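Accompanying notes for the structure given below.
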């Protein structure tokens, strides 16, 4: 991996930001810069030094096993992973060279490549977390339901939307991969016929008590398996789904697992209504926080991504959280004001910002 891989990374990440920038004017509850600017360098340096230390004694595969899922690594790269180190260098927070930033970025990309089954940058429109054998296990191990009519298809589509919104309410717009990611599309034409694809929507943590201790959620995880026929479906680097056709009506089979148990259709609507109530309560709770507390909670969410890595090294996020408080005292609402209005940026802007080979910020 060298310059060509950095070029591809920059292209992949800029395309996903470019698409977001043209459709989203503001993120909830605060924009990425309003939150991340209070800890971008601290978090980036924390992960940088941990990886640097591990690389002395452990193999790539061993380190990859300590790292979070691919979508979380991608999220880190497009929030603080690159920009945070550039901030540290430019503002002389830490003595770090451009070469070291590039090397760290390339190593994170190697980890991505290790964790994914091809197309690790998503330039081919896929996010392949499972290999062929694992997909075969999914196909043979699940009970597949054929929707009887359009109403049933819409009910599954509504669950997809509602469960996604639940994760936004728990992890904010910019950190939603902590609780939700899509993977696929997987070719399942052998089982379901020509042009059949499988898209999996996983919610591995819908009860994050480590972040929201007072959360009243009786469930832990949710997986929605959807088989579509004749659907042009793609995923970009940021895990955004794209299709030039309507999706819900292309559903030909599905399966829903709640805490590892199959969820029958009659329970789907019940779950959806419960989620809607939870979303309303959680949204109200977040909206009631002061901007600084929204930043603190956002930092807690971001730091939870690498909890397994820190724990394996006998550490936690307490020092990082203390740094957030220090920066709030030092800078006040400077970043909340500075990044309050989200601007639509050009593709070239994103390419320069996320290119570790320059100092552009």
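Residue numbers (the working numbering): 274 to 634. C-beta: ideal position from N, C-alpha, C; glycine also. As the structure is a computational prediction, the values presented were derived from the model and not from experiment.
Inset, instruction - Report yes or no: do the stretch 622-632 and the stretch 367-376 share at least 3 C-beta pairs separated by less than 8 Å? - result: The stretch 622-632, when compared against the stretch 367-376, does touch it at the 8 Å Cβ threshold.
Inset, instruction - Would you tell me roughly how many angstroms separate the C-alpha atoms of residue 588 and residue 519, rounded to the nearest one? - result: Numbered from 1 along the chain shown, position 315 holds the residue referred to as residue 588. Numbered from 1 along the chain shown, position 246 holds the residue referred to as residue 519. Looking at the two C-alpha atoms, the distance is approximately 47 Å.
Inset, instruction - May I ask you to verify whether the stretch 303-316 touches the stretch 412-429, counting CB pairs closer than 8 Å and requiring at least 3? - result: No, they do not touch.
Inset, instruction - Could you please give the first and the last residue of the uninterrupted alpha helix (DSSP H) stretch that includes residue 325? - result: Counting from 1 along the chain shown, the entry for residue 325 is found at position 52. Residue 325 -> alpha helix (DSSP H) spans 313-327.
Inset, instruction - Check residue 494 in the structure and name its three-state DSSP category. - result: For the purposes of this step, residue 494 is identified with residue 221 of the chain shown, where counting begins at 1. In the displayed model, residue 494 falls within coil according to three-state DSSP, outside both helix and strand.
Legend entry - Buried or exposed (CB count within 10 angstroms, at least 16 for buried), residue 508: Along the chain shown, one-based indexing puts residue 508 at 235. Its Cβ being crowded by 16 or more others within 10 Å, residue 508 is buried.
Legend entry - Residue from 515, 522 and 498 whose Cα sits closest to the Cα of residue 231: The shown model of the chain, from 274 to 634, leaves out residue 231, and the question about it has no answer.
Legend entry - Endpoints, the beta strand (DSSP E) within which residue 507 is located: For this step, residue 507 is matched to residue 234 along the chain shown. The continuous beta strand (DSSP E) containing residue 507 extends over residues 506-508.
Legend entry - Candidates 440, 445 and 468: closest to residue 636 by CA position: Because the chain spans 274 through 634 in this model, residue 636 falls outside it and cannot be assessed.
Legend entry - Of the residues 430, 573 and 535, the one placed nearest residue 486, counting alpha carbons only: In the chain shown, residue 486 corresponds to position 213, counting from 1. For the residues 430, 573 and 535, the minimum Cα distance to residue 486 belongs to 573.
Legend entry - Pairwise C-alpha distance: residue 321 and residue 357: Position 84 of the chain shown holds residue 357. Position 48 of the chain shown holds residue 321. If you take the alpha carbons of residue 357 and residue 321, they lie about 10 Å apart.
Inset, instruction - Rounded to whole angstroms, what's the CA-CA distance from residue 456 to residue 407? Just pull it up for me. - result: Mapped onto the chain shown, residue 456 falls at position 183. Mapped onto the chain shown, residue 407 falls at position 134. Each residue's Cα considered, the two are about 13 Å apart.
Legend entry - For residue 593 and residue 540, the rounded distance between their alpha carbons: Within the chain shown, residue 540 is the residue found at index 267, counting from 1. Within the chain shown, residue 593 is the residue found at index 320, counting from 1. In a straight line, the C-alpha of residue 540 is about 42 Å away from that of residue 593.
Inset, instruction - Measure from the alpha carbon of residue 398 to the alpha carbon of each residue in 337, 289, 303 and 590, then state which is nearest. - result: Start at 1 with the first residue of the chain shown, and residue 398 comes out as number 125. That would be 289, whose Cα lies nearest to the Cα of residue 398.
Inset, instruction - Closer than 8 Å by C-beta to residue 379: which residues in its own chain qualify, once you throw out the five before and the five after it? Chain order, please. - result: For the purposes of this step, residue 379 is taken as residue 106 along the chain shown, with counting starting at 1. Sequence-distant Cβ neighbours of residue 379 in its own chain, meaning closer than 8 Å and more than five residues away, are 274, 275, 278 and 279.
Inset, instruction - Keeping to the same chain, check which residues put their C-beta closer than 6 Å to that of residue 348; ignore five residues upstream and five downstream. - result: What you label residue 348 is simply residue 75 of the chain shown in a count that begins at 1. Taken in chain order, the residues that qualify are 450.
Inset, instruction - Give me whichever residues DSSP pairs with residue 499 in a beta bridge. - result: Here residue 499 is taken as the residue at index 226 of the chain shown, counted from 1. Looking at the DSSP assignment, residue 499 forms a beta bridge with 472 and 527.
Legend entry - Inter-residue spacing [alpha-carbon to alpha-carbon] between residue 299 and residue 614: As a working note, residue 299 is residue 26 in the chain shown. As a working note, residue 614 is residue 341 in the chain shown. Rounded to whole angstroms, residue 299 to residue 614 spans 7 Å at the Cα level.
Legend entry - Whole runs of the beta strand (DSSP E) within the stretch 375-431, excluding any shorter than 3 residues: Entirely contained in the stretch 375-431, not one beta strand (DSSP E) run reaches 3 residues.
Legend entry - Local conformation of residue 455 per DSSP, three classes: Walking along the chain shown from the start, residue 455 turns up at place 182. Collapsing the DSSP output to three states places residue 455 in a strand.
Inset, instruction - Look up residue 367 in the DSSP assignment and say whether it is helix, strand or coil. - result: Within the chain shown, residue 367 is the residue found at index 94, counting from 1. Reduced to three states, the DSSP call for residue 367 is coil.
Legend entry - Beta-carbon proximity list for residue 464, same chain, < 7 Å, skipping 5 on both sides: Your numbering for residue 464 matches position 191 in the chain shown. For residue 464, where only same-chain residues beyond five positions count, the Cβ hits under 7 Å are 412.
Inset, instruction - Please look up how many angstroms separate the CB atoms of residue 452 and residue 496, rounded, as I've assumed it's under 8 Å. - result: For the purposes of this step, residue 452 is identified with residue 179 of the chain shown, where counting begins at 1. For the purposes of this step, residue 496 is identified with residue 223 of the chain shown, where counting begins at 1. At roughly 12 Å, the Cβ-Cβ gap does not stay under 8 Å, so residue 452 and residue 496 are not in contact.
Inset, instruction - State buried or exposed for residue 329, treating a residue as buried only when at least 16 other CB atoms are found within 10 Å of its CB. - result: Locating residue 329 in the chain shown gives position 56, where the first residue counts as 1. Looking at its Cβ environment, which holds fewer than 16 other Cβ atoms inside 10 Å, residue 329 is exposed.
Inset, instruction - Measure the alpha-carbon distance for residue 584 versus residue 341 and round it to whole angstroms. - result: Counting from one through the chain shown, the residue named residue 584 turns up at place 311. Counting from one through the chain shown, the residue named residue 341 turns up at place 68. It is roughly 12 Å from the alpha-carbon of residue 584 to the alpha-carbon of residue 341.
Legend entry - Supposed close pair residue 634, residue 360 - CB separation, criterion 8 Å: On the chain shown, residue 634 is found 361 positions in, with the first residue counted as 1. On the chain shown, residue 360 is found 87 positions in, with the first residue counted as 1. Yes, they are in contact, since the Cβ atoms of residue 634 and residue 360 sit about 6 Å apart, within 8 Å.
Inset, instruction - Check whether the Cβ atoms of residue 286 and residue 351 sit closer than 8 Å, and answer yes or no. - result: For this step, residue 286 is matched to residue 13 along the chain shown. For this step, residue 351 is matched to residue 78 along the chain shown. In this structure, residue 351 lies closer than 8 Å to residue 286 by Cβ.
Legend entry - Inter-residue Cα distance where the pair is residue 489 and residue 442: Counting from one through the chain shown, the residue named residue 489 turns up at place 216. Counting from one through the chain shown, the residue named residue 442 turns up at place 169. Between the alpha carbons of residue 489 and residue 442 lies a gap of roughly 13 Å.
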